[in-house]
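Report on the structure given below.
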Amino acid sequence: MIVRRAFTTCFNSNTLLPSPSQGTNTVTATTTITLLRLHSLSQPSTYPNPNHIPTHHTELQQLLNEKCKLGFDKLDDALVVFDKMLRMKPLPTVIHFTQLLAALVKTKHYSAAVSVFSKMCSCSIPVNIITYNTAINCCCHFKRVDCGFALLAAIFKRGFVPDVVTYTTLLRGLISQDKFLEAELMFKNLLKCNQIQPNAVIFNTIINGQCKTGNTSQAVMLLRYMENKGCMPDVVTYSTVIDGLSKDRLVDEALGLLAEMSDKSIQPSVVSYNSLIHGMCNLSRWDDIIQLLNDMDRHKISPDEHTYSILVDAHARDGKVKDAQYLIELMIQRGQNPNVVTYSALMDGYCLRGELNKALAVLRTMTSKGILPNTRTYSILINGYCKKMKVDTAIHLLEEMPLKGLTPTVETYSTILDGLFRTRRLDEAHKFYKKMLNKGVKLNVVTCGILLHGLCWNGLVGEAMSMFHKMESCGLVPDICIYNILINGLFRDNKVDKARNLYHNLLLKGLQPTVITYNIMIQGFCHEGLLEEAYKTLLEMEENNCLANGVTYNTLIRGCFKNKMYHGGCVLIDEMVAHGFKADASTASMLFDLLQLKEQDPALLALQKKFMP
DNA sequence: ATAGGGTTAG
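Following full-length UniProt numbering, the numbering of the first sequence begins with 1 at its first residue and continues without gaps.
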């Protein structure tokens, strides 16, 4: 069904024309024409080029073997080889041509690959299902899965039979374009209609899609399903699910699957370990990380550049920049090459510590090694400068990006916007925001949060509220962070009723308040002297199974003291300590001041008696 | 002697 529907959409007038929404690739006019021509390639039309150049096929094979591994240095080289091949006598086999095509796809010369395939067809090279599969893979990587389906139609037209590889490639293409539901439906139909004998690879493709769309539990179920159907999960199946679980912070379940692998004598790979180590890093479970590294050593699996990158990133984010630096030296010693991701992670570590000069030094090191900074590298630096209030330098870096062929993301722009608001450069912030919109940057919830926070921070709560309503009407769904920002802003603007209102609205929308939401409310009520309501909020959060944290208690205790409710404050201190939290600096100094007071309040005297026996 | 699957960054 889904396949047929895809066919009809493919033949619909202009689905093949590049649409602005798919503009990640530069689709040239010639590419588009070539893509369009693919449809009519049911029958070969012309004969081979008459100007044959005699060349040995073995020589060609050697060249292709080499280029398949390393890729062509220049696109022109590949096209020259192709041209030569067309003029060879006898004509090289379709295998040679398919190898060339695969090499082009591997080196990401997708539009060139499309023209080569098209030319192969028009020169009556006897292309087969494998050639088609390679071409479909090319379309999918080129983010044109619709063209992939057009080729599937061509396969049927020429009387070929698509195989499991054809469908796997198409499924992966759909998934990579966020069409997982379509992929899943198509997969189910293929199974139901017995169109293919499913193997591990096609299952793995779907399992990966499930993990990427947040359905890890379903992925585990599909793994069990394939076992039951006698299609044994392999190392990729397990690694995919382990990665999904690790990203969901379910690392212990992931460890269970790793153990299951060795029970079934499926050798884990470095990828399986990398996913798990990454998961452990996100939870700062350092002991587990060390254990996993030892485990790898025992299994004679060496860490690769991914492993090191993950570890460098974890150390850098934890502030351990020295260790991160050392890890990079270690990986070089062991013959691994740090790449832009590795160096960017280290730079991020320095930026987080505010050590911008050291971050710049890393940038110099990497460029001296011929590693070019990417969008993320720039974003890290821009973020570093904004956090240091050096917004002008950040803007300068932003302007430099297009000159280096880099496109800032919505996150990059948002960082600058945040910087302008924080430094109270309101006019510029407004102008910058307009410029962002003019550039066609698509706003997301995080950007809106920055905008709303910036407005509130600068006392423009009214503007923030109207922005919030506009945001809702634009189809952006406000999350709990947005509500937190606004409720906080309203309280700071003494708009208690409106804050209360907004809180009830978020409950009505089915959103779950977090500990931050409650803390904001408690602080707001305390500030207004509404201690009763603040305390009721504490009870409410307990009812809603939201645990109070140190901030909650400290806020409430300070509120009590400020309102001369010494007894209540004292009871809460006991409760806080019982829950394992401590007074923070500001509560402690407040308490210290109170104890010096010479007021004859009975509750205060009791308090003094308790803390100064 | 040709094709498809898993890992690194707010």
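For each residue, glycine too, the CB sits at the ideal point set by N, CA and C.
- Item | Selected residue, minimal CA-CA separation from S414, among G405, E253, F432 | F432
- Task: With distances taken Cα to Cα, identify the nearest neighbour of E411 among G405, V445, P602.
- Result: V445
- Decide if M347 is buried, meaning its Cβ has at least 16 other Cβ atoms within 10 Å, or exposed. buried
- Buried/exposed call for K106, threshold 16 Cβ in 10 Å: buried
- Please determine, among C231, G550, Y343, L191, the residue with the shortest C-alpha to C-alpha distance to A361. Y343
- Task: Take every Cβ of the stretch 383-396, pair it with every Cβ of the stretch 418-430, and state whether three or more of those distances are shorter than 8 Å.
- Result: yes
- Message: What would DSSP say about M436, mapped onto helix, strand or coil?
- Response: helix
- How many Å lie between G405 and A103 at the Cα? 25 Å
- Query: Measuring CA to CA, which of A316, S272, M436, Y326 is closest to I301?
  - Reply: S272
- Can you give the Cα-Cα distance for R364 and P373, rounded to whole angstroms? 10 Å
- Message: So the candidates are L403, L356, P408, T407; which of them puts its Cα closest to the Cα of M389?
- Response: L356
- Query: Between I557 and V577, what straight-line distance do the alpha-carbon atoms span, to the nearest angstrom?
  - Reply: 12 Å
- With DSSP run on the structure shown, which of helix, strand or coil describes M366? helix
- Message: Within the continuous alpha helix (DSSP H) that includes T240, where are the two ends?
- Response: 235-247
- Item | alpha helix (DSSP H) segment containing F97, residue limits | 94-106
- Message: Please state the DSSP three-state secondary structure of I480.
- Response: helix
- Task: Can you give me the Cβ contacts of L223 inside the same chain, cut-off strictly under 7 Å, excluding the 5 residues immediately before and after it?
- Result: I207, P233, T237, V241
- Query: Alpha carbon to alpha carbon, what distance is there between G319 and S368?
  - Reply: 25 Å
- I416: which of L403, G454, T587, N438 sits nearest, CA to CA? G454
- Message: Within 10 Å of its beta-carbon, does Q336 have 16 or more other beta-carbons around it, so buried, or fewer, so exposed?
- Response: buried
- Message: Going by DSSP in three states, N137 sits in which element: helix, strand or coil?
- Response: helix
- Message: Helix, strand or coil, according to DSSP, for Q333 in the structure here?
- Response: helix
- Scan the UniProt repeat "PPR" (163-198) and note each continuous alpha helix (DSSP H) run of 4 residues or more that stays entirely inside, going in chain order. 164-176, 180-192
- Whole angstroms is fine: what's the gap from C139's alpha carbon to V441's? 26 Å
- Beta-carbon spacing of I136, T166 below 8 Å: yes
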